[in-house]
Amino acid sequence: ESFESECKDVSGPEGELLKLLSKILNFRYSLENFEDQHGGEWKAMIEAVHFREIDWAIGGISSSTERGELADLTKYIHIETYTALFYCCSAKDTWKSWKQVLSPFELSMWLCVGSMLVLMTVLIRKISTLFKDNETMSTFMYFELIMRGLIDQPIPRLTSIKCLVKRVLLISWWYFAIIITTAYRSKLTSTFIHPYNKQPDSIQELYLDGYSFQVDYKDWSVLKENLESSVDHVYRDVVKKINNDLDTCDAVKQAVEKKVALIDEESNIQYQIITNCQLDPEDLVHLRVTEQDVFPSYHVWPMQLAAPYRNSFTMAIENLHATGILGRWYTLTSKHPIKTSNHHYEIDSANALPLSTMLTPILMLVIALLL
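First residue of the sequence shown: 1, per UniProt numbering; consecutive thereafter.
Next up, the structure:
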C-alpha cells in the first residue's frame with residue numbers, strides 16, 4: 001500500500017514490533033499519520049480499517065467490545081492501566097501554623113482533655129463547698145491552678161490547701177497532665193520531622209475530595225465505556241465531572257493551577273510529560289499519580305475483518321511474548337519521573353493520636369494511685 005503521508009517511521013515498542021514482523025513475515029509497509037478526527041484519532045483509525053482504507057492500525061490502541069465488532073484484533077501487545085494525575089501540594093491543602101499545633105491529637109482526644117479540664121474545675125469548686133473549705137479562691141483561680149499542669153507552668157506548693165480530698169484530686173490531675181503534655185510534645189516533634197500529608201489514593205478519593213477531571217481530547221471512548229459500565233456508582237458519577245477540551249500538556253498545566261485531575265493511561269501520561277510538556281521543575285516535583293490503577297487496557301492492532309494475515313500476526317506476537325522480547329522493549333522505554341501518591345506509605349509516628357492510644361497510660365496511672 002502507499003499513503004499520502006509525512007509519517008516516515010514509528011518509534012517505541014510497537015515500532016520495533018512492526019519492523020521485526022516485516023522481516024519475519026516478509027512484507028513491506030508504509031505509514032499514514034492520523035490527525036485529529038471527529039470522534040477521536042483512534043476511532044478514526046479503526047473505522048479506516050473497517051472500511052478497508054488501510055490494512056491495520058498501530059499506536060497504543062485499546063481493545064473494546066465496540067472496536068472488536070469493527071475489526072479483527074490481534075493478541076494483546078501490552079497491558080496498560082488508567083491512573084489519575086494531580087497536583088499534591090496546593091496552597092489550600094497545606095497545614096497552617098494553628099492547625100499544626102492541633103495535629104498531634106485527634107478530635108476525640110482534644111474533647112477528652114477539654115472535658116477533663118472543665119470537670120476538674122467544677123469538682124474542685126464543689127469539694128470546696130461540700131467540705132466547707134475556708135479558702136478564698138475563686139472559680140477562675142481554680143481553673144488557673146488546674147491549667148498550670150497542662151501548659152507546663154510551675155505548680156504551687158499544696159501546703160496552703162488543707163482539704164485532703166482536694167489535694168489528692170489535684171495530684172491525680174497533675175499526673176494526668178504530665179502524661180498528656182509529654183505525649184503532645186513528642187507527637188508535635190514527630191509531626192514536624194515527618195509532616196503528615198495524606199494524598200488521594202484513587203480516582204474515587206479524588207472525586208470525593210471535590211476534584212473535577214480532564215481527559216485527552218483526542219479519544220477517550222474506551223475509558224468512558226469502562227466508567228459507565230462499572231458497578232461502582234462513583235465511577236459513573238465521575239463521567240459527569242469529566243471535560244475533554246484540552247490536550248495532555250494543557251490538562252497538566254490546569255492540574256497545577258486548579259483542583260483538576262487528569263485521567264489517562266499511566267505510561268502515556270509519563271511519556272507526554274517527559275517528551276512534550278514544558279513544566280516548571282518545582283511543579284513537576286509536586287505532581288503525583290494515584291497508587292491504585294484501574295481498568296486494565298489491552299493494546300492491540302486492529303486488522304481488516306477476515307484478513308488472511310491475522311493468524312500469522314497473532315502467532316508471531318504470542319511467540320514474542322513467550323520469549324520476553326516484548327516485555328523487555330516496554331521495560332527499556334518506560335520512564336516514570338512522577339511519583340505515586342503516598343497513601344499507603346504514611347509514617348505512623350506522624351499520625352494524630354486517638355483517645356484509645358492514650359487510655360493505657362491513663363489506666364496505669366489510675367491503678368497506681370489506687371494501690
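Backbone N, C-alpha and C define an ideal beta-carbon position, used for all residues, glycine too.
The three-state reading of DSSP puts Trp-173 in helix, counting H, G and I together. If you keep only unbroken alpha helix (DSSP H) runs of at least 4 residues inside the segment 270 to 300, you get 281 to 285.
Rounded to whole angstroms, the separation of the alpha carbons of Thr-129 and Ser-108 is 32 angstroms.
Contact check for Thr-290 and Ser-202: beta-carbon distance about 5 angstroms, within the 8 angstroms limit, so the pair qualifies. According to the DSSP assignment, Thr-81 belongs to the beta strand (DSSP E) that extends over 78 to 87. Taking C-beta atoms as the reference points, Thr-65 and Trp-301 fail to come closer than 9 angstroms. Rounded to whole angstroms, the separation of the alpha carbons of Glu-266 and Lys-253 is 17 angstroms. In the same chain as Ala-84, and ignoring 5 residues on each side of it, the C-beta atoms closer than 6 angstroms to its own belong to Ile-203, Leu-206, Ala-261, Ile-263, Thr-290, in chain order. Excluding its 5 nearest sequence neighbours in each direction, Thr-340 has C-beta neighbours in its own chain below 8 angstroms: Arg-288, Val-289, Thr-290, Glu-291, listed in chain order. Here Arg-67 is buried, its C-beta having at least 16 other C-beta atoms within 10 Å.
Of all alpha-carbon atoms in Phe-295, Pro-308, Ile-24, Asp-245, the one lying nearest the alpha-carbon of Phe-213 is that of Asp-245. Distance from the CA atom of Cys-163 to the CA atom of Ile-124, rounded to whole angstroms, is 10 angstroms.
Across the set Asn-268, Val-215, Arg-328, Phe-295, the C-alpha of Phe-295 shows the shortest separation from the C-alpha of Asp-232. In summary, Ala-322 is exposed, with fewer than 16 beta-carbon neighbours lying within 10 Å of its beta-carbon over all protein chains present. In this structure Pro-337 touches Gln-270 by the C-beta definition: roughly 7 angstroms separates them, less than 8 angstroms. The beta carbon of Asp-219 is closer than 6 angstroms to those of Gly-40, Glu-41, Trp-42, Lys-43 in its chain, skipping five residues each way along the sequence. Judged by DSSP in its simplified three-state form, Lys-218 adopts coil rather than helix or strand.
Looking from the CA of Ala-306, the closest CA among Arg-52, Arg-28, Asn-26, Pro-13 belongs to Arg-52.
The beta-carbon separation of Ser-297 and Val-222, rounded to 6 angstroms, stays under the 8 angstroms limit for a contact.
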